[in-house]
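Note sheet for the following structure.
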Amino acid sequence: MVHRAWAIRGSGYAHEVMTSDMDRFRAMLPAAIEEARRAALLDPANPGPWVVMVTAARGAQYGRAQFKQFWEGLIARAPHHYEGHWQALQYWCAKWFGSDRRMMSFARQAVRNAPPGSPLAGIYLHALNELVDRPVGGALPITPMTRMLLKRIASSFDQVAPDDERLPALRHLLAHYMLRSMMYAPALEQFRLIGPWCGAQPWRQDGNPARAFEAARGTAAKLSGTRPAPAPQVGAGR
Numbered sequence: 000m001v002h003r004a005w006a007i008r009g010s011g012y013a014h015e016v017m018t019s020d021m022d023r024f025r026a027m028l029p030a031a032i033e034e035a036r037r038a039a040l041l042d043p044a045n046p047g048p049w050v051v052m053v054t055a056a057r058g059a060q061y062g063r064a065q066f067k068q069f070w071e072g073l074i075a076r077a078p079h080h081y082e083g084h085w086q087a088l089q090y091w092c093a094k095w096f097g098s099d100r101r102m103m104s105f106a107r108q109a110v111r112n113a114p115p116g117s118p119l120a121g122i123y124l125h126a127l128n129e130l131v132d133r134p135v136g137g138a139l140p141i142t143p144m145t146r147m148l149l150k151r152i153a154s155s156f157d158q159v160a161p162d163d164e165r166l167p168a169l170r171h172l173l174a175h176y177m178l179r180s181m182m183y184a185p186a187l188e189q190f191r192l193i194g195p196w197c198g199a200q201p202w203r204q205d206g207n208p209a210r211a212f213e214a215a216r217g218t219a220a221k222l223s224g225t226r227p228a229p230a231p232q233v234g235a236g237r
């Protein structure tokens, strides 16, 4: 029901959506939340229905008090749920019901709370995306705290299972933001761990991911002061 509602609305900003489509979207989401409530009663320990409620809350325009109830219900069952945290980050970003400050506070808390073996710290990288990837892009906070958090995220990723499907895309983001934060040697290490695959964000933005990836990797190698290992041929995979 949630996916159907978002398919009707589309991915544009609110002013770009037809009024009739927005009305249908907003009518479907409360119904999805009620179905999720019923599912939660059938299986009280299952976090899945609570992820649905957290996801639907922003589109349904639920206030912070109601969202907090959904969020507390989720983390009581799965305190480190990655998708649930990503959805909550969207709620707290400035384009929905929060602010840059609230979003970044939430993201820093995710880094602090990430348990060994979880990619949860990567939520901070999505928060940085929200800051800079919008029509009027914000400035990346290049501060000692940002650099410290990026290093902590790298250490956290080293404990994640190599076959975790979320890890490659997160390493691309980490390399990108380390490079933008002038952390050239740590960025180069991430590029070495990534290997030749360049099809992920943020390299797709200019239409030539291989060129963007190679340019970024080359910058990290040149400015890191270290000699890079021979790299395999670049391919637009993961």
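Every letter in the sequence shown is one number past the one before it in numbering that gives the first Met the number 0, and letter 176, counting from 1, is 175. Just so you know, even glycine gets a beta-carbon here, dropped at the ideal spot from N, CA and C. Everything numeric in this text was worked out from a predicted model, so none of it was measured.
Beta-carbon proximity of residue i to residue j, cut-off 7 Å
i    : j    : result
A64  : V51  : no
F248 : R216 : In the structure as shown, the chain begins at 0 and stops at 237. Residue 248 is therefore absent and cannot be evaluated.
H79  : P114 : yes
F69  : A56  : yes
A26  : M0   : no
R8   : D20  : yes
Selection from the options that minimises the alpha carbon distance to residue i
i    : options                : result
A75  : G47, G97, W95          : G47
W170 : W202, T142, I141       : A small fix is needed here, since residue 170 is Arg in this sequence, not Trp. Checked all of W202, T142, I141; the closest Cα to R170 is W202.
W196 : D205, F212, G206       : F212
I122 : M181, R151, K221, T142 : R151
E33  : A44, M21, N45, W49     : W49
G194 : S180, A168, M181       : A168
D132 : D20, Q200, A214, W5    : Q200
Q89  : E129, Q108, M182       : E129
G62  : A87, N45, A44, P43     : A87
N112 : S155, I141, D162, P143 : S155
Y12  : W95, Y183, L124        : W95
D163 : K67, L124, G116        : G116
P185 : G198, K221, A160, W85  : K221
Whole-angstrom C-beta distance between residue j and residue i, which should lie under 8 Å
i    : j    : result
L166 : P118 : 6 Å
S223 : L187 : 5 Å
L192 : A219 : No, L192 and A219 are not in contact; Cβ-Cβ is about 12 Å, not under 8 Å.
V110 : L148 : 6 Å
A153 : A126 : So it is not a contact: roughly 16 Å between Cβ atoms.
G97  : W91  : 3 Å
A59  : P29  : 5 Å
A239 : M103 : Here the chain comprises residues numbered 0 to 237, so residue 239 is not present and cannot be evaluated.
Buried versus exposed call for residue i [16 or more other C-beta atoms within 10 Å across all chains shown]
i    : result
T54  : buried
Q158 : exposed
T225 : exposed
T145 : buried
H175 : buried
R3   : exposed
R100 : exposed
M181 : exposed
A120 : buried
H208 : Before going further, note that residue 208 is Pro rather than His in the sequence given. The residue is buried, with at least 16 neighbouring Cβ atoms inside 10 Å.
Closer than 6 Å: residue i CB and nearest the ligand ATP heavy atom
i    : result
P114 : The ligand ATP is not part of the structure shown, which contains no ligands of any sort.
Neighbour flag for residue i against chain C, beta carbons, 7 Å
i    : result
A126 : Looking at the structure shown, chain C is missing, and only one protein chain is on hand.
Specify whether the stretch 4 to 21 and the stretch 35 to 44 touch according to this definition: at least 3 beta carbon pairs, one from each stretch, less than 8 Å apart. no
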